[in-house]
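There are 2 protein chains.
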Amino acid sequence: MNGYVIAVDAMGGDNAPRAIIEGCRRAVRKFPDVSILLCGPKAMILPMLGQEERIEILEAPDVIGMHEHPMLAVRKKTESSLVKAMLAVREGRAGAVVSAGSTGAILAGGILRVGRIPGIERPALAPIIPGANKPFLLIDCGANVDCQAKYLLQFGLMGSVYMQSVMGVQVPQVGLCNIGTEAEKGDRLTKEAYGLFSEQKIFSFAGNAEVRDVPTGDFDVVVCDGFVGNVLLKTIEGTAKLMMGNLRTYVRSSLRTKIGALLLKPALYRLKADLDYKRHGGAPLLGVNGAVVKAHGSSDGEAIENAIRQARLMLEGRVVEKIREGLKEDEEHVL
Amino acid sequence: MNGYVIAVDAMGGDNAPRAIIEGCRRAVRKFPDVSILLCGPKAMILPMLGQEERIEILEAPDVIGMHEHPMLAVRKKTESSLVKAMLAVREGRAGAVVSAGSTGAILAGGILRVGRIPGIERPALAPIIPGANKPFLLIDCGANVDCQAKYLLQFGLMGSVYMQSVMGVQVPQVGLCNIGTEAEKGDRLTKEAYGLFSEQKIFSFAGNAEVRDVPTGDFDVVVCDGFVGNVLLKTIEGTAKLMMGNLRTYVRSSLRTKIGALLLKPALYRLKADLDYKRHGGAPLLGVNGAVVKAHGSSDGEAIENAIRQARLMLEGRVVEKIREGLKEDEEHVL
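Residue numbers (our numbering), protein chains in the order written: chain Y, 1 to 335; chain S, 336 to 670.
In structure tokens form, the structure reads like this:
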């Protein structure tokens, strides 16, 4: 196979395999330099796929379900579509993986089967979050709890490389998620991390990112422990849901407000879409030895196409190589 | 002085002393069983206050500014309105303190000058947060970082006592803020806390409160480390601000949406007010040897009246005594 070879997990996500196959078909038509290794049960996929140039099926009879124990499933189900896709990267048959499967299984598969970049302590999940002025990368958002300061430092490097190489931000501004702007603010972890961030020279540290200012701020990358990142992400989601729900209730309270809502529909629709971070593509798993993109579980064909585009950009932008180079640049240092 | 004696910091907050004086005046008129010890410079306050039954001025010539170092200021400025109010509680002249001063100074003053309840490791700041179905108490929201599991357990007790005694919830449901619902989820701290919470018998533990479900859930108390609580609180604030800002932009985009917004005004107004947790009274500082209420810095007379009402409810509900009793009940145990 030629060009950028992307292994796709045909069986991950709520709409698999139909939406996944549709997404692959759209992607190869749009990107002439992309070839796809579609991992799943051939007998099931082939009739739906038919003949398609630059899509090859890699037989994987087994499936990892959404509620299986991630580590156990990845270890045991060596013939699953997810594990086969991950192994294709390890064996050099593909450069990237796209999966809409369970977050836990993708993490476990990325770490155990693709493998870490040598020197990286903890791979991290890094969704793009919509902000008021521009989107930002939140790293880590749940893959790693009980982080050490050094992990956060590596998150800063990885996030910076991604925003530069994939999102085209020339000098990404990296903020350290904290409960105050001053250097001495925070808990043990953030105070220690602040020291490390200030010393290093491989990414642009823009200081503490106070949480209140994160959605409206100028940070391109926001670094935090995975527990904190998950709280941040889920609170955005929960608050947006609460507000839209309340608005719906208030609108129903009178004819006047009902008519108002009807007229305001385009604006309300945009508002709802705003905070739906799932629309901003999949979340890259950074720090593993290949471009791994976790698409949302409810992805349709378009979302899968977008995730493949994203994986392609990670390959084109040489994200893995640049993280490796970043680690080397800093050899004498703390990273 | 008779009834519930509440010491009020006349000089704390953006609108001091005028709004504070107005709030005190409103409170004594509304609550015949409340007497106020108004702490501040007599020469400044008396002309604005005039004669008012059940309000007595306690001379305090000094003021702690919003940007002073809290610990240092509380230690040094023994004649400040805040410290004088706190000392009035320590000396038994008042049962409660209300201040709209800086959070840091109120924390420091509460801990150093009012003093902790014997056995309580860390007093905690616990604002009431509006939810979809009912408000809940978030404890801690920033007073304590690097918490130990035992502190969280005490937060659970204190939060439960407050919701029962002040908010009238018969059996408050206490949730442990976490990144998943299962017992084995979370970081070291929450896993250990989960064990302690499950063992104790002095409050009703309702399991892990996954962040996504916190605003729409059925928890009366949500317990977390202060770093996490602060992230949660500020993310709600930041997200609400972002959404209202975006809506404003979208509304302006056409005549249709402008008219829609005009008709929808009552609903939008309610929406904006919804997530303004400052409207839900001040935040109690729980775990100190008196009823301390931190009113918002921008409080007007009505907000101060509400904070005084809240302090009165804490005295009437015997919050401090009940926390003490809770600790005793659990003597043989971990608390």
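Don't be surprised by glycine CBs; every beta carbon is placed ideally from N, CA and C.
Q. Going straight from the alpha carbon of L650 (chain S) to that of G430 (chain S), what length do you get?
A. Looking up residue 650 (chain S) in the second sequence gives position 315. Looking up residue 430 (chain S) in the second sequence gives position 95. So the alpha carbons of these two residues sit roughly 7 Å apart.
Q: Drop a sphere of 10 angstroms on the beta-carbon of N2 (chain Y), count the other beta-carbons inside from all chains shown, and report buried for 16 or more, exposed for fewer.
A: Your numbering for residue 2 (chain Y) matches position 2 in the first sequence. Classification for N2 (chain Y): exposed.
**Q.** Top-ranked residue by Cα proximity to E68 (chain Y), from Y:F155, Y:G104, Y:D220
**A.** For the purposes of this step, residue 68 (chain Y) is identified with residue 68 of the first sequence, where counting begins at 1. Just measuring C-alpha positions, the residue of Y:F155, Y:G104, Y:D220 sitting nearest E68 (chain Y) is Y:G104.
Q | Whole-number beta carbon distance between P405 (chain S) and S437 (chain S), since they are thought to touch under 8 Å | A | As a position in the second sequence, residue 437 (chain S) is number 102, starting the count at 1. As a position in the second sequence, residue 405 (chain S) is number 70, starting the count at 1. The Cβ separation is near 7 Å, so the contact holds.
Q: Could you tell me which residues DSSP pairs with E59 (chain Y) in its beta bridges?
A: Translated into positions along the first sequence, residue 59 (chain Y) becomes position 59. BP columns for E59 (chain Y) point to Y:G40.
Q. What is the DSSP secondary structure of N144 (chain Y), reduced to helix, strand or coil?
A. For the purposes of this step, residue 144 (chain Y) is identified with residue 144 of the first sequence, where counting begins at 1. It is coil, neither helix nor strand.
Q. Would H570 (chain S) count as contacting chain Y if we go by Cβ distances under 7 Å?
A. Here the question's residue 570 (chain S) lines up with position 235 in the second sequence. Per the sequence shown, the amino acid found at residue 570 (chain S) is Thr instead of His. True, the Cβ-Cβ gap to chain Y drops below 7 Å.
Q. CA-CA distance, E387 (chain S) and L233 (chain Y)?
A. As a position in the second sequence, residue 387 (chain S) is number 52, starting the count at 1. As a position in the first sequence, residue 233 (chain Y) is number 233, starting the count at 1. Whole-angstrom Cα-Cα distance: 51 Å.
Q) Any idea what DSSP makes of D274 (chain Y), helix, strand or coil? A) By 1-based counting over the first sequence, the position of residue 274 (chain Y) is 274. In the three-state reduction of the DSSP assignment, D274 (chain Y) falls in the helix class.
Q) Of all Cβ atoms in chain S, is any one closer than 7 Å to the Cβ of T103 (chain Y)? A) Taking the first residue of the first sequence as position 1, residue 103 (chain Y) is located at position 103. Not closer than 7 Å to any Cβ of chain S, the Cβ of T103 (chain Y) fails to qualify, so no.
**Q.** Separation of D225 (chain Y) from A743 (chain S), as counted between CA atoms
**A.** Residue numbering for chain S in the displayed model covers 336 to 670; residue 743 (chain S) lies beyond these limits and cannot be assessed.
Q: Could you confirm whether any beta carbon from chain S is found closer than 7 Å to the beta carbon of Y250 (chain Y)?
A: Here residue 250 (chain Y) is taken as the residue at index 250 of the first sequence, counted from 1. The beta-carbon of Y250 (chain Y) is placed less than 7 Å from the nearest beta-carbon of chain S.
Q) Residue ranges of each beta strand (DSSP E) run of no fewer than 3 residues wholly in the stretch 489-564 of chain S, ordered along the chain? A) Segments of the beta strand (DSSP E) lying fully in the stretch 489-564 of chain S: 508-513, 539-545, 556-558.
Q | chain S contacts made by the stretch 134-146 of chain Y, where a contact means CB separation under 7 Å | A | Those residues of the stretch 134-146 of chain Y that come within reach of chain S (Cβ to Cβ, closer than 7 Å) are G142, V145, D146.
(Q) To the nearest angstrom, how far is the alpha carbon of D635 (chain S) from that of L264 (chain Y)? (A) Position 300 of the second sequence, counting from 1, holds the residue named residue 635 (chain S). Position 264 of the first sequence, counting from 1, holds the residue named residue 264 (chain Y). Each residue's alpha carbon lies about 34 Å from the other.
**Q.** Backbone secondary structure at A283 (chain Y) - three-state DSSP
**A.** Counted from its first residue, the first sequence places residue 283 (chain Y) at position 283. Here A283 (chain Y) sits in strand by DSSP.
**Q.** Residue environment, Y604 (chain S), which counts as buried when at least 16 other CB atoms sit within 10 Å
**A.** Numbered from its first residue, the second sequence carries residue 604 (chain S) at position 269. Flag for Y604 (chain S) reads exposed.
Q. From the DSSP output, which residues share a beta bridge with F471 (chain S)?
A. Start at 1 with the first residue of the second sequence, and residue 471 (chain S) comes out as number 136. F471 (chain S) pairs with S:I464.
Q.
Quick check: the Cα distance between T235 (chain Y) and G564 (chain S), rounded to an integer number of angstroms?
A. Numbered from its first residue, the first sequence carries residue 235 (chain Y) at position 235. Numbered from its first residue, the second sequence carries residue 564 (chain S) at position 229. Cα to Cα, the separation comes out at about 11 Å.
(Q) Please report the distance separating the alpha-carbon of V166 (chain Y) from that of G317 (chain Y). (A) Numbered from 1 along the first sequence, position 166 holds the residue referred to as residue 166 (chain Y). Numbered from 1 along the first sequence, position 317 holds the residue referred to as residue 317 (chain Y). Their Cα atoms are separated by approximately 6 Å.
Q) Can a CB atom of chain Y be found closer than 7 Å to the CB of L599 (chain S)? A) In the second sequence, residue 599 (chain S) corresponds to position 264, counting from 1. Residue contact check for L599 (chain S) against chain Y: a CB pair falls below 7 Å.
Q) Rounded to a whole number of angstroms, what is the C-alpha to C-alpha distance between R309 (chain Y) and I474 (chain S)? A) Taking the first sequence and counting its residues from 1, the one referred to as residue 309 (chain Y) is at position 309. Taking the second sequence and counting its residues from 1, the one referred to as residue 474 (chain S) is at position 139. Counting only the Cα atoms, I474 (chain S) lies some 43 Å from R309 (chain Y).
(Q) By alpha-carbon positions, which one of S:K663, S:F562, S:A342 ends up nearest to V432 (chain S)? (A) Your numbering for residue 432 (chain S) matches position 97 in the second sequence. Of the listed residues, the one whose Cα sits closest to V432 (chain S) is S:A342.
Q) R270 (chain Y) CB to nearest chain S CB: under 7 Å? A) Taking the first sequence and counting its residues from 1, one reaches residue 270 (chain Y) at position 270. Judged by the 7 Å Cβ criterion, R270 (chain Y) is in contact with chain S.
Q) According to the Cβ coordinates, are C39 (chain Y) and K84 (chain Y) closer than 7 Å? A) Translated into the one-based positions of the first sequence, residue 39 (chain Y) becomes position 39. Translated into the one-based positions of the first sequence, residue 84 (chain Y) becomes position 84. Yes, Cβ-Cβ distance for C39 (chain Y) and K84 (chain Y) is below 7 Å.
Q: Please classify R629 (chain S): does DSSP put it in a helix, a strand, or coil?
A: As a first step, residue 629 (chain S) is located in the second sequence; it is residue number 294 there, counting from the start. According to the sequence as given, residue 629 (chain S) is Lys; it is not Arg. Correct three-state label for K629 (chain S): strand.
Q) Around the C-beta of M163 (chain Y), are 16 or more other C-beta atoms found within 10 angstroms, so that it is buried, or is it exposed? A) As a working mapping, residue 163 (chain Y) is identified with position 163 in the first sequence. Label assigned to M163 (chain Y): buried.
Q. Does R428 (chain S) have its Cβ less than 7 Å from a Cβ in chain Y?
A. Locating residue 428 (chain S) in the second sequence gives position 93, where the first residue counts as 1. Not flagged as an interface residue toward chain Y: R428 (chain S), since no C-beta distance is shorter than 7 Å.
(Q) Once DSSP output is grouped into helix, strand and coil, what is the label at S80 (chain Y)? (A) Working through the first sequence from its first residue, we reach residue 80 (chain Y) at position 80. Here S80 (chain Y) sits in strand by DSSP.
**Q.** Closer than 9 Å at the beta carbon, the chain S residues around V211 (chain Y)
**A.** As a first step, residue 211 (chain Y) must be located in the first sequence, where it is residue number 211. Contact annotation for V211 (chain Y) against chain S: N565, V566, L567, L568, K569, T570, E572, G573 [CB-CB distance below 9 Å, chain order].
Q: Return the Cβ separation of N246 (chain Y) and L606 (chain S) in integer angstroms, given the expectation that the two are a contact with Cβ distance under 8 Å.
A: Here residue 246 (chain Y) refers to the residue found at position 246 when the first sequence is read from its first residue. Here residue 606 (chain S) refers to the residue found at position 271 when the second sequence is read from its first residue. In this structure N246 (chain Y) is in contact with L606 (chain S), their Cβ atoms being roughly 6 Å apart against a cut-off of 8 Å.
(Q) Do F136 (chain Y) and V251 (chain Y) count as a contact pair if the criterion is CB distance below 7 Å? (A) For the purposes of this step, residue 251 (chain Y) is taken as residue 251 along the first sequence, with counting starting at 1. For the purposes of this step, residue 136 (chain Y) is taken as residue 136 along the first sequence, with counting starting at 1. The criterion of a C-beta distance shorter than 7 Å is not satisfied by V251 (chain Y) and F136 (chain Y).
(Q) Whole angstroms are fine: how far does the CA of G573 (chain S) sit from the CA of R591 (chain S)? (A) Residue numbering aside, residue 591 (chain S) sits at position 256 when the second sequence is read from its first letter. Residue numbering aside, residue 573 (chain S) sits at position 238 when the second sequence is read from its first letter. R591 (chain S) and G573 (chain S) have their C-alpha atoms roughly 28 Å apart.
Q | Where the alpha helix (DSSP H) containing S655 (chain S) begins and where it ends | A | On the second sequence, residue 655 (chain S) is found 320 positions in, with the first residue counted as 1. A small correction: the amino acid at residue 655 (chain S) is Val; Ser does not occupy that position in the sequence shown. Looking at the DSSP string, the run of the alpha helix (DSSP H) that includes V655 (chain S) is 654-664.
(Q) So if DSSP puts A88 (chain Y) in a beta bridge, which residue, or which two residues, is it bridged to? (A) The count along the first sequence starts at 1 and reaches residue 88 (chain Y) at position 88. DSSP output for A88 (chain Y) lists no bridge partner at all.
Q: Give the residues of chain Y in contact with K419 (chain S), contact being defined as C-beta atoms less than 9 Å apart.
A: One-based indexing of the second sequence puts residue 419 (chain S) at position 84. Residues of chain Y passing the Cβ test: none, with the nearest at roughly 28 Å.
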